[in-house]
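Taken in sequence, the protein lines are chains A and B.
350 is the number of the first residue of the first sequence in our numbering; add one for each residue after it.
381 is the number of the first residue of the second sequence in our numbering; add one for each residue after it.
For each residue, glycine too, the CB sits at the ideal point set by N, CA and C.
Input: a single structure, listed below in structure tokens.
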Amino acid sequence: MADKLTGIDEGVLTEEQKKRAMIIHSLFEIQKEHNYLPEEELKKLSEKLNIPLADIYSTASFYKQFYLQPRGKNVVCVCVGTACHVNGAPEVLEVLENTFGIKAGETDKDLNVTLETVGCVGCCGLAPVVTLNEEEIIGEVTKEKAQELADRVWNK
Amino acid sequence: MTRLTSVNDLIELKKSLVGERVDPDGTKRQSLWVCCGTACRAGGSVELADKLQEEAKNNNIPVDVIKTGCLGMCQKGPLIKTMPDGYLYQKVKTKHTAKIIDYTAKSGFAVRELFYRIDDLDYYYKRDIFSGPKEKIEDLPFYQKQLRLILEGNERVAPENIHYYIAQGGYEALAKILSEKWEPEKVIDEITKSGLRGRGGAGFPTGIKWKATRQAKGEVKVIVANGDEGDPGAFMDRSIMEGNPHCLLEGMLIAGYAVGANYGFIYVRHEYPLALKNISIAIQQVKELGLIGKNILGSGFDFDISIREGAGAFVCGEETALLVSIEGKRGFPSPKPPFPAESGVWAFPTCINNIETLANVPYIVKHGAEKFSSIGTENSKGTKVFALAGKIKNTGLIEVPMGITLREIIYDIGGGIKDGKRLKAVQVGGPSGGCIPADLIDVEVDFDSLSSVGAIMGSGGIIVLDEDDCMVSIAKYFLEFIKEESCGKCPPCRIGSYQMLEILTRITEGKGEMEDIDRLENLAKSMQVSALCGLGKTAPNPVLSTMRYFRDEYEEHIKHKYCRAKSCRINTYKIDNDECFLCGLCKKVCPADAVIDAGDQYIIDQEKCIKCKACYDACPIDVIKSLGSGEETIDKSTINLKGELRDGA
Ligand SMILES: Cc1cc2nc3c(=O)[nH]c(=O)nc-3n(C[C@H](O)[C@H](O)[C@H](O)COP(=O)(O)O)c2cc1C
Ligand code: SF4
Ligand code: SF4
Ligand code: FES
Ligand code: FES
């Protein structure tokens, strides 16, 4: 039977290769639990896998989906893919930035909201698109709709 | 599910499913196919499906409600297709569910108000205005010029239920190879003969890649399906993974058999949770049925498939970067050779293919190379899936035969440009692609013709741009993307993209110099030759293609501080006082308080004006002019009419 985590049969990979192959998966697990990657947890992972902490950081810091800082209760994500861009995403982002008082990629100091951008969420037909907490997808966002959303999130 | 231990078992299973348990054609009972692709989900299609199910149950009406992947016409979602009649309902809301159950599910009547109607009088639709509502998929102009070999699956299989795939001939291509005991070389020959080329961007012949991996030395070999799809404005592979995951798995199994691999990885971006979910379910099901694992269908062929989650880096779509990412490292590309076919993930010979490439494989094996290669052009065979978006009426997911023209895609399928505007250019191929100007849209869509006009097939994003899009800004947009996504390993890309972005930003702010055009050209050329991986090598394409076709726009920005699309904030706004009828709207909307009420006329104070264009948009009779700074030096005809382009592009 193939190993569940690596997908490769026993005896094909070295122990070292197996451990490394688990890093990204483990980071996602940690993030699922803590919403970001706390230093403590990374240290624990480094000890558990016996991989230098620097190597773990090297991987964690490379990928955009890993967060080394705590994130807000709400995550508002503006699609800035090409279709959304030409249909007004920049204005939408501007409204959100102004209302939250933060720039894209930042979290407000009370950890209320994190504002992010992403390239194409796969419903270009509804461009421009904003997603809320990775679940709710809001399409055909005008400046007014963006303002409404911003107010709703801010007062949540 | 009982394990299948022979090809015969598979055939028996299929027999037991057809008609009774799986009835996609609605021969025994009505079926409602509710699109649950991402866009329709955003419109509430999941709740819709649940409500239909509930309603049918409450009324004791036998009906299959099936949640499908994207059906294509996302803009008119949520969509529902009904069988056996083949009606297509669009923009369905929960308030319609009772009627759908009562009319369609119970009695087979249509809910006519949900049909698609052609609602505007222009270009393409003029001749069709009196024809009434469109009842079925095949009546809709959006679908008429398409050829849906791969996407058809999205209309006919339930992604979460393998029985639908099997009942309609799924895994038969694999079974054919195993039961007829094809030599792996025969599979490779068939793929080579079919003329299939990689859909991941470069169009590399798939047969040759498979052969190289087969011939590479090594006990252990690996198949990787590249589902990273980081191109901003593309969602083709996602729709296949979400809507028809078994087709991908079957393609991988055949690839594995052909190259002699026993392991397969599907690399899916973390941003695609539904694709991850549906593929996991699919893998679980084939595992239970014994279609992956050891001794598949009693043939002695072993193959395992697992998922690898991408963590958000565009460069990881590049094959060498993707492979080290699977190993758990930073996704840095490495120079080729060695090619993955010789030394890939963990240095095992690895065949890496795009999702859509692999999804074509079962069709080719089943119907034969000849049938496949009868579709398309001389050097580009088969179909291509595109995500059609931008300033176009019908956006969505389309599949067309290679060799169709861009014009047919934009006007016949897409229904033309939105809001009565004029087409300016079409961006094909994303950040590695280029902009094709309106007068070249008769170009055929195939690998070679697109390259000849400075674009690329790329992964399949088509973004339609109109007169309101500034071409310099579009180039800048892609460079911003590249600058963010450059992994930073090699200086030409890291520094080159930064420098190019600086220059483009300067130009869009009206601070450019004529020398900047040469500087851009030089930077572009040096990146093309010296960057390490495809990301950096192709990054200048959007700049080069816009400079090639829209050079005058660059020059206007620089020389006249004039953006003809009026999207850069550099134009000068002036009121034509002879025409103005003193309504005062411009003064009302101006955020900078720059419109002065001089009693018998309104004047814009150029010192205060922030060039936001609010007054220009507000004026009900369009007498505010958007000009370049040296008004007298520019060709008057470029600026007189709102929205009119001088060159009639
Ligand atoms: C920067 C960059 C990004 C890429 N992204 C993707 C991608 O998202 N999906 C994909 O299939 N190929 C992508 N490719 C192409 C792959 O490197 C590779 O050529 C492809 O997966 C091979 O499959 P094919 O032969 O079936 O096309 C990318 C290439 C580059 C240089
Ligand atoms: S070209 Fe860009 S992305 Fe590619 S290796 Fe160089 S820096 Fe990295
Ligand atoms: S909006 Fe137009 S018509 Fe009205 S005052 Fe301003 S320039 Fe004149
Ligand atoms: S570009 Fe925003 S959803 Fe595709
Ligand atoms: S998501 Fe429903 S048609 Fe595309």
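Report the option in the options whose CA atom is closest to the CA atom of residue i.
{"i": "Ala495 (chain A)", "options": "A:His383, A:Gly437, A:Ala409 and A:Gly468", "result": "A:Gly437"}
{"i": "Tyr416 (chain A)", "options": "A:Ile373, A:Val435 and A:Ala499", "result": "A:Ile373"}
{"i": "Val424 (chain A)", "options": "A:Arg369, A:Gly488, A:Glu489 and A:Phe449", "result": "A:Phe449"}
{"i": "Gly449 (chain B)", "options": "B:Arg618, B:Glu435 and B:Ala555", "result": "B:Arg618"}
{"i": "Glu651 (chain B)", "options": "A:Ile357, A:Cys469 and A:Lys381", "result": "A:Cys469"}
{"i": "Ala429 (chain B)", "options": "B:Ile460, B:Glu699 and B:Asp482", "result": "B:Ile460"}
{"i": "Pro539 (chain B)", "options": "B:Val666, B:Ser753 and B:Ser947", "result": "B:Val666"}
{"i": "Ser705 (chain B)", "options": "B:Phe719, B:Gly690 and B:Pro718", "result": "B:Gly690"}
{"i": "Ile883 (chain B)", "options": "B:Lys475, B:Thr407 and B:Asp898", "result": "B:Asp898"}
{"i": "Gly916 (chain B)", "options": "B:Met621, B:Ile955, B:Leu900 and B:Pro871", "result": "B:Pro871"}
{"i": "Cys471 (chain A)", "options": "B:Thr593, B:Ile620 and B:Phe645", "result": "One point to set straight first is that residue 471 (chain A) is Gly, not Cys, in the sequence displayed. Among B:Thr593, B:Ile620 and B:Phe645, the Cα nearest to that of Gly471 (chain A) belongs to B:Ile620."}
{"i": "Lys573 (chain B)", "options": "B:Tyr929, B:Ala582, B:Trp562 and B:Ile588", "result": "B:Ile588"}
{"i": "Asp362 (chain A)", "options": "B:Pro585, B:Cys420, B:Ser679 and B:Ala727", "result": "Strictly speaking, residue 362 (chain A) in this sequence is Leu, with Asp absent from that position. With distances taken between Cα atoms, Leu362 (chain A) lies closest to B:Ala727."}
{"i": "Val387 (chain B)", "options": "B:Gln664, B:Asp444 and B:Leu554", "result": "B:Leu554"}
{"i": "Ile821 (chain B)", "options": "B:Leu845, B:Ser839 and B:Val923", "result": "B:Leu845"}
{"i": "Val604 (chain B)", "options": "B:Gly800, B:Asn534 and B:Ser686", "result": "B:Ser686"}
{"i": "Pro464 (chain B)", "options": "B:Ser660, B:Lys801, B:Lys591 and B:Lys486", "result": "B:Lys486"}
{"i": "Val479 (chain A)", "options": "A:Thr456, A:Val444 and A:Asp457", "result": "A:Val444"}
{"i": "Pro477 (chain A)", "options": "B:Met782, B:Asp444, B:Thr730 and B:Gln455", "result": "B:Gln455"}
{"i": "Lys657 (chain B)", "options": "B:Arg688, B:Asn675, B:Lys761 and B:Phe489", "result": "B:Arg688"}
{"i": "Arg383 (chain B)", "options": "B:Glu435, B:Gly670 and B:Ser559", "result": "B:Gly670"}
{"i": "Lys492 (chain A)", "options": "A:Met371, A:Pro439 and A:Phe377", "result": "A:Pro439"}
{"i": "Asn921 (chain B)", "options": "B:Tyr934, B:Leu903 and B:Asp444", "result": "B:Leu903"}
{"i": "Ile646 (chain B)", "options": "B:Arg802, B:Asp569 and B:Ile732", "result": "B:Ile732"}
Note down the Cα distance separating residue i from residue j, rounded to an integer number of angstroms.
{"i": "Met894 (chain B)", "j": "Ile938 (chain B)", "result": "7 Å"}
{"i": "Val441 (chain A)", "j": "Val467 (chain A)", "result": "13 Å"}
{"i": "Pro419 (chain A)", "j": "Cys426 (chain A)", "result": "16 Å"}
{"i": "Leu1007 (chain B)", "j": "Lys891 (chain B)", "result": "16 Å"}
{"i": "Ala749 (chain B)", "j": "Tyr551 (chain B)", "result": "17 Å"}
{"i": "Lys967 (chain B)", "j": "Asp519 (chain B)", "result": "50 Å"}
{"i": "Ile887 (chain B)", "j": "Cys948 (chain B)", "result": "9 Å"}
{"i": "Asp459 (chain A)", "j": "Ile451 (chain A)", "result": "12 Å"}
{"i": "Glu446 (chain A)", "j": "Glu485 (chain A)", "result": "19 Å"}
{"i": "Gln380 (chain A)", "j": "Ile793 (chain B)", "result": "43 Å"}
{"i": "Ser831 (chain B)", "j": "Ser812 (chain B)", "result": "11 Å"}
{"i": "Ser1109 (chain B)", "j": "Pro718 (chain B)", "result": "Any question about residue 1109 (chain B) goes unanswered here, given that chain B covers just 381 to 1029."}
{"i": "Ile672 (chain B)", "j": "Asn534 (chain B)", "result": "23 Å"}
{"i": "Ile661 (chain B)", "j": "Asn482 (chain A)", "result": "24 Å"}
{"i": "Ala721 (chain B)", "j": "Thr730 (chain B)", "result": "5 Å"}
{"i": "Ile400 (chain A)", "j": "Gly466 (chain B)", "result": "58 Å"}
{"i": "Tyr504 (chain B)", "j": "Glu788 (chain B)", "result": "Interpretation of Tyr504 (chain B) is limited by its pLDDT of 48, a score under 50 that renders its predicted location unreliable; the figure taken from the coordinates is listed afterwards. C-alpha separation (whole angstroms): 10 Å."}
Under the assumption that residue i contacts residue j (Cβ atoms under 8 Å), give the Cβ distance between them as a whole number of angstroms.
{"i": "Cys992 (chain B)", "j": "Ile1004 (chain B)", "result": "So it is not a contact: roughly 12 Å between Cβ atoms."}
{"i": "Ile854 (chain B)", "j": "Thr926 (chain B)", "result": "6 Å"}
{"i": "Tyr637 (chain B)", "j": "Val567 (chain B)", "result": "6 Å"}
Find out if the Cβ-Cβ distance for the pair residue i, residue j is shorter than 8 Å.
{"i": "Gly609 (chain B)", "j": "Arg649 (chain B)", "result": "It is worth fixing the name first, because residue 609 (chain B) is Glu in this sequence and not Gly. A contact, by the Cβ cut-off of 8 Å."}
{"i": "Ala769 (chain B)", "j": "Cys473 (chain A)", "result": "yes"}
{"i": "Asn957 (chain B)", "j": "Gln986 (chain B)", "result": "no"}
{"i": "Val780 (chain B)", "j": "Gln526 (chain B)", "result": "yes"}
{"i": "Phe683 (chain B)", "j": "Asn642 (chain B)", "result": "yes"}
{"i": "Gly837 (chain B)", "j": "Leu859 (chain B)", "result": "The identity of residue 837 (chain B) in the sequence shown is Met, whereas the question assumes Gly. No; because the gap between Cβ atoms is not below 8 Å, this pair is not in contact."}
{"i": "Leu451 (chain B)", "j": "Gly424 (chain B)", "result": "no"}
{"i": "Val806 (chain B)", "j": "Cys815 (chain B)", "result": "yes"}
{"i": "Ile983 (chain B)", "j": "Ala972 (chain B)", "result": "no"}
{"i": "Asn734 (chain B)", "j": "Gly583 (chain B)", "result": "no"}
{"i": "Gly756 (chain B)", "j": "Gly796 (chain B)", "result": "no"}
{"i": "Pro612 (chain B)", "j": "Gly430 (chain A)", "result": "yes"}
{"i": "Thr477 (chain B)", "j": "Gly678 (chain B)", "result": "no"}
{"i": "Ile778 (chain B)", "j": "Ile790 (chain B)", "result": "no"}
{"i": "Arg369 (chain A)", "j": "Gly708 (chain B)", "result": "yes"}
{"i": "Pro742 (chain B)", "j": "Glu865 (chain B)", "result": "no"}
{"i": "Tyr412 (chain A)", "j": "Ala436 (chain B)", "result": "no"}
Does the Cβ of residue i have 16 or more other Cβ atoms within 10 Å, making it buried, or fewer, making it exposed?
{"i": "Asn440 (chain B)", "result": "exposed"}
{"i": "Asp500 (chain A)", "result": "exposed"}
{"i": "Lys431 (chain B)", "result": "buried"}
{"i": "Glu699 (chain B)", "result": "buried"}
{"i": "Asn961 (chain B)", "result": "The residue asked about is misnamed: residue 961 (chain B) is Phe in this sequence, not Asn. Phe961 (chain B) should be labelled exposed."}
{"i": "Lys505 (chain A)", "result": "exposed"}
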